[in-house]
Structures are given as structure tokens and as C-alpha cells.
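Report on one structure; see the data block that follows.
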Amino acid sequence: NEFIALYNPTNQSVNLSGWYITNQPLKQRGKQTKIIFPENTMISPEDWLYVTQNASAYLWETGKKPDFEYKTDSDDNVPEMDTDKTVTLSNAGGMVALKDWYNHTIDMIVYGESDYNCTGWNGSPVPSSGSGVILKRNVDHKNQPIDTNTSDDWLHPRRYGIGQSDFPYVDIPFYGEITTFVSPDCSFQTIVNELRKANESIYFNIYEFTNPFLCDELVDALKRNVSVHVFVE
Numbered sequence: 001n002e003f004i005a006l007y008n009p010t011n012q013s014v015n016l017s018g019w020y021i022t023n024q025p026l027k028q029r030g031k032q033t034k035i036i037f038p039e040n041t042m043i044s045p046e047d048w049l050y051v052t053q054n055a056s057a058y059l060w061e062t063g064k065k066p067d068f069e070y071k072t073d074s075d076d077n078v079p080e081m082d083t084d085k086t087v088t089l090s091n092a093g094g095m096v097a098l099k100d101w102y103n104h105t106i107d108m109i110v111y112g113e114s115d116y117n118c119t120g121w122n123g124s125p126v127p128s129s130g131s132g133v134i135l136k137r138n139v140d141h142k143n144q145p146i147d148t149n150t151s152d153d154w155l156h157p158r159r160y161g162i163g164q165s166d167f168p169y170v171d172i173p174f175y176g177e178i179t180t181f182v183s184p185d186c187s188f189q190t191i192v193n194e195l196r197k198a199n200e201s202i203y204f205n206i207y208e209f210t211n212p213f214l215c216d217e218l219v220d221a222l223k224r225n226v227s228v229h230v231f232v233e
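Take 1 as the starting number for the sequence shown in full-length UniProt numbering and just add one per residue.
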């Protein structure tokens with residue numbers, strides 16, 4: 001199953017009627033493969049549209065319905081997009097472009113085994129992702145997409161896939177100090193020191209709770225009338 005997510009970063013709704021997605025942006029318009037948005041398709045300001053090859057599979061994998069599907073009519077309640085020839089998102093590499101009715105390239109990505117370097121893209125492609133990987137555009141500290149038309153827009157220190165955590169940046173103003181430490185090398189004493197400072201509440205997130213001495217510290221906190229919440233992954 002394949003899907004493409006479109007985001008509108010502007011403060012105005014955009015009419016996508018007749019716009020299309022293609023993996024052959026260099027060809028003449030009539031020879032391109034296309035996934036075509038139907039009439040009266042609008043994307044609201046700072047909103048997303050999700051286009052998937054199979055709506056039922058997408059729902060099963062993500063827990064939510066897409067806005068459109070193509071190629072497979074798996075859900076009568078999800079609008080079907082028209083296609084012109086077959087659009088395939090190769091795991092090995094290629095190009096994906098969003099174009100308007102007049103064949104103007106609105107945005108594009110070049111990835112994997114592709115050497116395209118022309119209007120709409122500069123430099124080397126995004127490294128090949130492989131099967132099951134989501135290519136996700138970077139955002140700045142205000143959660144706005146970074147768009148320099150280069151692979152830097154898409155490079156991450158981690159791998160993205162269906163079901164993984166993907167939390168946006170959050171501004172948390174506070175006055176205090178930050179303690180950094182390495183786990184498991186020196187984490188026990190650092191955590192114990194913080195637990196002993198608590199006088200109102202403790203929210204404790206830990207992968208596996210196997211240390212009885214940490215348990216003793218939480219019990220002591222309860223005896224001090226501290227509210228304790230433990231989340232074990």
C-alpha cells in the first residue's frame with residue numbers, strides 16, 4: 001500500500017480541482033502518469049489531504065480513513081480519484097510531483113536511483129528509502145515545512161514508518177535547570193535524586209520496570225503524599 005500526504009502551509013484554502021500527482025514530471029502533460037484530484041477539491045489552510053492506493057488497507061494500518069483513494073475502490077465512503085495510466089512509487093527511487101492543471105510543478109521530491117537536477121529540484125536525490133519507509137519533510141521549530149528543493153528537506157536521523165511516534169515540536173516555557181545524563185551508565189542516581197525532590201506529583205515513564213530500588217523510591221514518595229503515575233512501555 002502507498003500513500004501521499006499533502007499539506008497546505010498557507011493561510012488560504014487552495015482549490016486542487018484538476019491538479020494531479022505524477023511520477024513522470026519530465027514528460028509532456030499528455031504522456032504523464034496521473035492521479036487526478038476531482039472537481040471542487042479544496043485543501044484548507046494549514047491542513048492535510050491524504051491520498052492512498054487502498055483506503056481499507058490504509059485504515060487498517062493507521063486507524064484513520066484517507067481523504068481519497070486511487071487504483072483500488074475498497075471503500076464506498078472514500079472518494080475515488082481518476083487515474084491516467086499507472087502511477088507507481090518505486091522503492092528503488094524515482095520522482096513524485098504535484099502539478100496544477102497547466103503542468104506547472106507545485107512541489108516535488110527526487111529520491112533513490114534518480115539523477116534529475118532541473119527546475120524544482122537541486123542537487124542529489126534523497127537516499128533510497130526501501131520498502132515500508134515514509135519519506136517525511138522536515139519542519140522548523142514552528143512546525144512549518146522546510147522547502148529548499150534539496151534532499152536536506154527530507155533527511156532525518158531516524159527512520160519513519162507506520163505506527164511510529166511522530167510528535168510535533170512543542171514550546172514549553174519554564175524557569176529552572178536541565179540535567180543531562182547517560183542511561184544506563186549513570187541514570188539510577190540521577191533519577192533517584194529527582195524522585196526525592198518531588199513534593200506534589202511524579203510522572204514516571206520507563207521502558208521496563210525491573211529495578212526494586214526504584215520501586216522503593218516511588219513507595220517512599222507515596223508515603224510523602226506525592227501523586228505517582230507510572231507508564232511502562
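Note that the Cβ used here is the ideal one computed from N, Cα and C, for glycine as well.
Gly-94 is classed as buried because its beta carbon has at least 16 other beta carbons within 10 Å across all chains shown. Rounded to whole angstroms, Asn-77 and Asn-193 show a C-alpha spacing of 55 angstroms.
In the displayed model, Tyr-7 falls within a strand according to three-state DSSP.
Bridge partners of Met-42 according to DSSP: Asn-15.
If the five residues before and after Gln-189 are omitted, its C-beta is found closer than 8 angstroms to no C-beta atom of its own chain.
With contacts defined by Cβ atoms closer than 8 angstroms, Leu-16 and Met-42 form a contacting pair. In the structure shown, the three-state DSSP call for Ile-191 is helix.
Within the model, the alpha-carbon separation for Lys-197 versus Val-228 is close to 13 angstroms. Around the beta carbon of Asp-67, a 10 Å sphere encloses 16 or more other beta carbons of the protein chains shown; the residue is thus reported as buried. DSSP places Trp-48 in the uninterrupted beta strand (DSSP E) bounded by 48-52.
Excluding residues up to 5 positions away in sequence, Ser-90, Asn-91, Ala-92, Gly-93, Gly-94, Pro-125, Val-126, Pro-127, Ser-128 and Ser-129 lie with their Cβ nearer than 8 angstroms to the Cβ of Gly-112 in the same chain. In the same chain as Ser-56, and ignoring 5 residues on each side of it, the C-beta atoms closer than 7 angstroms to its own belong to Ser-74 and Asp-75, in chain order. Annotation for Asn-1: Thr-52, Gln-53, Asn-54, Ala-57, Tyr-58 and Glu-61 place their beta carbon closer than 8 angstroms to its own, counting only its chain and skipping 5 residues before and after. Apart from sequence neighbours up to five positions away, the residues of its chain that approach Gln-12 with a beta-carbon distance below 8 angstroms are Pro-45, ordered along the chain. According to the DSSP assignment, Leu-218 belongs to the alpha helix (DSSP H) that extends over 212-223.
Annotated three-state conformation of Ala-97 is strand, per DSSP.
Looking at the DSSP output, Val-228 shares a beta bridge with Ile-202.
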